[in-house]
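S.K.: One structure, pasted below without further comment.
Residue numbers (our numbering): 33 to 259.
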């Protein structure tokens, strides 16, 4: 009996061609990495613009100045809170700055402080809205000391730049104006010119160099003090 022939050897499979090399993370994200510096630069610029705008709008950076004893004419278009604006035109003169001879009723000076009296003469048409003004004095270093109406036991005028009994018109509140009664002094016609004296509390030793008056920053009136 003969032996059966051996089966033929299997044909080897052809080798698998090599695939593409693995793609790394840096290669996959190369375009995003290229754009990243530009995106960061845009973010920095936008943030810087916002910071500069905030710094500019929240500080006294645009003065209308007057030499000692001179009268300055100040104009500003104020935002009314209703989406519009209204004009403000006023003349201001600094008549004097010095230690207050008479303190406001009830004022008790804190230790290490003194009371400075600021005398102003102003002029404006009776229908110009001046309510909302703020007053301060500054020293040689530019430090600002604001006028505070109700502090240290005293009650001074709420609006420092107008007569208490004749403030003139108040800013409009829109549709609710008719439902509100006129504030104290708001219904009394304001004179064409008037003078006010306000007391500002400052630390002992402060040398007042100028007086500032403003409505909406950054614009303001700067009045130099005679040396």
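Note that beta-carbon positions come from the ideal geometry of N, C-alpha and C, so glycine has one too.
Identify which residue in 190, 94, 249 has its Cα closest to the Cα of residue 110.
M.R.: Of the candidates 190, 94, 249, the one whose C-alpha sits nearest the C-alpha of residue 110 is 249.
S.K.: How far does the beta strand (DSSP E) with residue 104 in it extend, from its first residue to its last?
M.R.: Counting along the chain, the beta strand (DSSP E) containing residue 104 begins and ends at 103-111.
S.K.: Since residue 234 and residue 146 are thought to touch, with beta carbons under 8 Å apart, how far apart are those beta carbons, to the nearest angstrom?
M.R.: Between residue 146 and residue 234 the Cβ distance is about 6 Å, and since that is below 8 Å, they are a contact.
S.K.: Could you tell me the distance, in whole angstroms, from the CA atom of residue 258 to the CA atom of residue 101?
M.R.: So the alpha carbons of these two residues sit roughly 8 Å apart.
S.K.: With H, G and I counted as helix, E and B as strand and the rest as coil, what does DSSP make of residue 203?
M.R.: Correct three-state label for residue 203: coil.
S.K.: Specify the secondary structure class of residue 247 as computed by DSSP and reduced to three states.
M.R.: If DSSP states are grouped into helix, strand and coil, residue 247 belongs with coil.
S.K.: By how many angstroms is the C-alpha of residue 191 removed from the C-alpha of residue 198?
M.R.: Cα to Cα, residue 198 sits roughly 11 Å from residue 191.
S.K.: I need the boundaries of the beta strand (DSSP E) containing residue 128, first residue and last residue.
M.R.: Taken as a continuous stretch (DSSP letters only), the beta strand (DSSP E) holding residue 128 covers 117-131.
S.K.: To the nearest angstrom, how far is it from the Cα of residue 131 to the Cα of residue 113?
M.R.: Each residue's alpha carbon lies about 38 Å from the other.
S.K.: Suppose contacts are defined by Cβ-Cβ distances below 8 Å. Is residue 2 in contact with residue 226 by that definition?
M.R.: For residue 2 there is no data in the structure shown, the boundaries of the chain being 33 and 259.
S.K.: Within the continuous beta strand (DSSP E) that includes residue 155, where are the two ends?
M.R.: First-last of the beta strand (DSSP E) with residue 155: 145-155.
S.K.: Between the alpha carbons of residue 83 and residue 96, how many angstroms are there, rounded?
M.R.: With a pLDDT of only 48 at residue 83, under the threshold of 50, the placement of this residue in the model should not be trusted, and no figure is reported.
S.K.: Can you give me the C-alpha to C-alpha distance between residue 238 and residue 171, rounded to a whole angstrom?
M.R.: Roughly 6 Å between the two C-alpha positions.
S.K.: Helix, strand or coil, according to DSSP, for residue 97 in the structure here?
M.R.: Strand.
S.K.: In the DSSP output, what is residue 141 paired with across the bridge?
M.R.: DSSP lists no partner for residue 141.
S.K.: Roughly how many angstroms lie between the CA atoms of residue 253 and residue 220, to the nearest whole one?
M.R.: Residue 253 and residue 220: Cα-Cα distance of roughly 26 Å.
S.K.: Quick check: the Cα distance between residue 81 and residue 142, rounded to an integer number of angstroms?
M.R.: Confidence at residue 81 is low in this model, with a pLDDT of 48, below 50, so its placement is unreliable and the value that follows should be read with caution. Going by the C-alpha atoms only, they are around 41 Å apart.
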